[in-house]
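Protein chains: 2
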Amino acid sequence: MSRREKVSMSVIRRLPRYYRFLIHLKEKGVTRISSTELSTKLGLTASQIRQDLNCFGGFGQQGYGYIVSQLCDEIGNILGLSGKYPTILFGAGNLGRAIGTHMSFESEGFRLIGIFDNSPERIGMELANLKVRDVAGLEEFCKKEKPVMAIFCVPRTAAGELAEQLYNLGIRNFWNFSHYDLSMRYPDAIVENVHLNDSLMTLCYRISDQSAK
Amino acid sequence: MSRREKVSMSVIRRLPRYYRFLIHLKEKGVTRISSTELSTKLGLTASQIRQDLNCFGGFGQQGYGYIVSQLCDEIGNILGLSGKYPTILFGAGNLGRAIGTHMSFESEGFRLIGIFDNSPERIGMELANLKVRDVAGLEEFCKKEKPVMAIFCVPRTAAGELAEQLYNLGIRNFWNFSHYDLSMRYPDAIVENVHLNDSLMTLCYRISDQSAK
DNA sequence: TTCGAAATGTTAATTGATTGACAATAATTG
DNA sequence: CAATTATTGTCAATCAATTAACATTTCGAA
């Protein structure tokens, strides 16, 4: 593995899609696939797929194609899905509950070990096989359990203070659903933003733009 | 307005960010801002911001900058946020409930007019000031209320059939949280995907990659 | 009212991403 | 076992996006 120098974000963002599709193929019992076939199924060019995969190594066989199960495993490895990063979730409101219960963290490289909130009526609540904890006990918890990733499902107003506290406790990885701008404040942090509002506005633009024609 | 020929997705995806930040400035009482100042606050280059804005028109004044409230309104208009597209949501599970209650559709160009599910224990449930309806009544509802956008918070297995039904009922705009690939099947549809699993895997890659160094 | 500073809009240069082309190679067929 | 076909890996060419440069305009101060 690892001819990788610096793989571009564009490539990385396509990997999960390849992975998902390969899992799907494996389940269907397909054992072999070519870049051309992949390209038609995924709506990409064969060239792009080969180029993408070759950022990480030559997984195919010339004249033959790719072996589904092998390629699938390779991509899973590249994505690091077997590492179980201990993770804590903040905010047990609607969004936090959805994320906590809806996501299969275990199969995507993470392990949810704690959920925190500061509202009395949520603390103690059962969620994703965990009891929602009081943020007051955060420091103690972190020193003991050593989480490395934090999920932000809190309002923007709460995010700033929380981010600082977590940063000071050594956490550098964030899955951020709030509109608080973590990457500006902590340049050495790894931040993946999910801005649902932005996504919706983008859609709104495209609909408006389409109907303007 | 509208020197726009074909604005690239890269630009469009930055617009909501500009918009949010301008709202924020407006609330703070800032009346005027330069591209340079915007660029440092948002972590972009001033050049890019000017280039982006000039896809839509010259909103600034040379030697002076941009008037916050005016620019904010302009971008809101470009995004089409004042249009209230009637929207229906599918799936009243954890994710559907979160999206239904958490999002402020009204300020982002949409109006949620119906929520559908097919599970008896969810039908009738109150959610976002609406009663969850049985999917069985979908056709009738659509003929009467004429929704133009559908939100997919259903499992992949349910998405295919539903998509076909909605497409036949004339719906062409989708906010898709499922892993069903709408854009492959319906090339004339406008689809905005939110793939939370992919987002999480991407983050996993970056964490693994970082710690490999 | 004139001058200098500041900042835009726009064109050019650069960098990055995608696509195309093809030689090299492996599997398969006759 | 040789010939044919399929398909990769990779290099080159194209296309797209970002950054840099600068002429032009406006504001504000002297």
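First to last, the protein sequences are chains A and B.
No gaps in the numbering here: position 102 of the first sequence is 96 in the numbering used here, and each next residue is one more.
No gaps in the numbering here: position 133 of the second sequence is 127 in the numbering used here, and each next residue is one more.
Glycine is no exception: its CB is placed at the ideal position from the N, C-alpha and C atoms.
Listing by chain order, which chain B residues have their CB less than 7 Å from the CB of A:Pro149?
-> Here residue 149 of chain A refers to the residue found at position 155 of the first sequence. What A:Pro149 touches in chain B: nothing, since even the nearest Cβ is about 10 Å away.
For chain B, is any of its Cβ atoms less than 8 Å away from the one on A:Cys136?
-> If you number the first sequence from 1, residue 136 of chain A lands on position 142. Not closer than 8 Å to any Cβ of chain B, the Cβ of A:Cys136 fails to qualify, so no.
Pairwise C-alpha distance: B:Lys78 and B:Pro141 | Taking the second sequence and counting its residues from 1, one reaches residue 141 of chain B at position 147. Taking the second sequence and counting its residues from 1, one reaches residue 78 of chain B at position 84. About 11 Å.
Kindly identify the DSSP beta-bridge partner or partners of A:Pro10.
-> In the first sequence, residue 10 of chain A corresponds to position 16, counting from 1. Paired residues: none, contrary to the question.
What whole-angstrom Cβ distance do B:Gln42 and A:Ile184 have, given they're in contact under 8 Å?
-> To locate residue 42 of chain B, count along the second sequence from 1; it is residue 48. To locate residue 184 of chain A, count along the first sequence from 1; it is residue 190. Between A:Ile184 and B:Gln42 the Cβ distance is about 23 Å, and since that is not below 8 Å, they are no contact.
Return the residue from the list A:Asp46, A:Leu156 and A:Lys20 that minimises the CA-CA distance to A:Val129.
-> In the first sequence, the residue the question calls residue 129 of chain A occupies position 135. For A:Val129, the nearest C-alpha among the options comes from A:Leu156.
Taking A:Phe110 as the query, report the chain B residues whose CB atoms sit under 9 Å from its CB, ordered along the chain.
-> As a working note, residue 110 of chain A is residue 116 in the first sequence. Simply none; closest approach about 18 Å.
Counting contacts by CB-CB distance shorter than 8 Å, is A:Cys198 in contact with chain B?
-> On the first sequence, residue 198 of chain A is found 204 positions in, with the first residue counted as 1. Chain B, which has a Cβ nearer than 8 Å to the Cβ of A:Cys198, makes this yes.
Between A:Gly37 and B:Met178, is the Cβ-Cβ spacing less than 8 Å?
-> For the purposes of this step, residue 37 of chain A is taken as the residue at position 43 of the first sequence. For the purposes of this step, residue 178 of chain B is taken as the residue at position 184 of the second sequence. Yes, Cβ-Cβ distance for A:Gly37 and B:Met178 is below 8 Å.
Determine, using beta-carbon pairs with one atom in the stretch 14 to 23 of chain B and one in the stretch 59 to 79 of chain B, whether at least three such pairs fall under 8 Å.
-> yes
Would you mind giving the Cβ-Cβ distance between A:Phe135 and A:Asn170, rounded to the nearest angstrom? I have them listed as a contact below 8 Å.
-> As a position in the first sequence, residue 135 of chain A is number 141, starting the count at 1. As a position in the first sequence, residue 170 of chain A is number 176, starting the count at 1. Their Cβ separation, rounded to whole angstroms, is 20 Å, which puts A:Phe135 and A:Asn170 out of contact at 8 Å.
Under 8 Å between beta-carbons, which chain B residues line up against A:Phe104? List them in chain order, please.
-> Reading the first sequence from its first residue, position 110 is the one you call residue 104 of chain A. Here the neighbours are Leu194 and Cys198.
For A:Ser28 and A:Thr34, the rounded distance between their alpha carbons = By 1-based counting over the first sequence, the position of residue 34 of chain A is 40. By 1-based counting over the first sequence, the position of residue 28 of chain A is 34. So the two alpha carbons sit approximately 10 Å from each other.
7 Å Cβ shell around A:Ser172 - same chain, five flanking residues per side excluded | Walking along the first sequence from the start, residue 172 of chain A turns up at place 178. Phe146, Val148, Pro149, Arg150 and Ala153.
Shorter than 8 Å from the beta carbon of A:Pro10 to some beta carbon of chain B?
-> Walking along the first sequence from the start, residue 10 of chain A turns up at place 16. It does: the Cβ of A:Pro10 has a partner Cβ on chain B nearer than 8 Å.
Which residues does DSSP pair with B:Ile27 in a beta bridge?
-> To locate residue 27 of chain B, count along the second sequence from 1; it is residue 33. Beta-bridge pairing links B:Ile27 to B:Tyr60.
Proximal chain B residues relative to A:Val188, where beta-carbon distance stays under 8 Å | Taking the first sequence and counting its residues from 1, the one referred to as residue 188 of chain A is at position 194. Near A:Val188 (Cβ distances below 8 Å), the residues of chain B are Val188, Leu190 and Ser193.
Backbone CA spacing between A:Pro114 and A:Phe53 [nearest angstrom] = Counting from one through the first sequence, the residue named residue 114 of chain A turns up at place 120. Counting from one through the first sequence, the residue named residue 53 of chain A turns up at place 59. Between A:Pro114 and A:Phe53, the C-alpha separation is close to 53 Å.
Distance CB(B:Thr81)-CB(B:Phe99) smaller than 8 Å = Here residue 81 of chain B refers to the residue found at position 87 of the second sequence. Here residue 99 of chain B refers to the residue found at position 105 of the second sequence. Yes; because the gap between Cβ atoms is below 8 Å, this pair is in contact.
Entirely within the stretch 67 to 152 of chain A and at least 4 residues each: give me those alpha helix (DSSP H) ranges in chain order.
-> 88 to 96 and 132 to 139
Backbone secondary structure at B:Phe168 - three-state DSSP | Translated into the one-based positions of the second sequence, residue 168 of chain B becomes position 174. Three-state result, B:Phe168: strand.
Output the distance between the C-alpha atoms of A:Ile69 and B:Phe84, rounded to the nearest integer angstrom.
-> As a first step, residue 69 of chain A is located in the first sequence; it is residue number 75 there, counting from the start. As a first step, residue 84 of chain B is located in the second sequence; it is residue number 90 there, counting from the start. Their Cα atoms are separated by approximately 32 Å.
A:Leu75 versus A:Asp46 - alpha carbon distance | Start at 1 with the first residue of the first sequence, and residue 75 of chain A comes out as number 81. Start at 1 with the first residue of the first sequence, and residue 46 of chain A comes out as number 52. Each residue's alpha carbon lies about 19 Å from the other.
So which residues of chain B does A:Gln204 contact, with C-beta pairs closer than 8 Å?
-> Reading the first sequence from its first residue, position 210 is the one you call residue 204 of chain A. Those within 8 Å of A:Gln204 in chain B are Ile184.
Starting from B:Asn48, follow the alpha helix (DSSP H) in both directions and report where the run begins and ends.
-> Sequence index remark: in the second sequence, residue 48 of chain B carries index 54 (1-based). That residue, B:Asn48, is in no alpha helix (DSSP H); it is neither H nor E in DSSP.
Between which two residues does the alpha helix (DSSP H) harbouring A:Gln204 extend?
-> Numbered from its first residue, the first sequence carries residue 204 of chain A at position 210. Per DSSP, A:Gln204 belongs to the alpha helix (DSSP H) from Leu190 to Ser205.
Spatially closest choice to A:Pro160 from A:Ser2, A:Pro181, A:Asp175 and A:Leu132, by CA coordinates | Position 166 of the first sequence, counting from 1, holds the residue named residue 160 of chain A. The amino acid occupying residue 160 of chain A in the given sequence is Leu; Pro does not appear at that position. Residue A:Leu132 is the option with its Cα nearest to A:Leu160.
Residues of its chain near B:Val24, where Cβ-Cβ distance is below 8 Å and the 5 sequence neighbours each way are ignored = Locating residue 24 of chain B in the second sequence gives position 30, where the first residue counts as 1. Excluding residues within five positions, the ones whose Cβ falls inside 8 Å are Val62.
Taking just the CA atoms, how far does B:Leu32 sit from A:Ser193?
-> For this step, residue 193 of chain A is matched to residue 199 along the first sequence. For this step, residue 32 of chain B is matched to residue 38 along the second sequence. Using only the alpha carbons, I get a separation of about 21 Å.
Can you find a CB in chain A that lies within less than 8 Å of the CB of B:Ala92?
-> The residue labelled residue 92 of chain B in the question sits at position 98 within the second sequence. It does: the Cβ of B:Ala92 has a partner Cβ on chain A nearer than 8 Å.
Tell me B:Asn187's beta-bridge partners as DSSP assigns them.
-> For the purposes of this step, residue 187 of chain B is taken as residue 193 along the second sequence, with counting starting at 1. Note: B:Asn187 sits in a beta bridge opposite B:Asn170.
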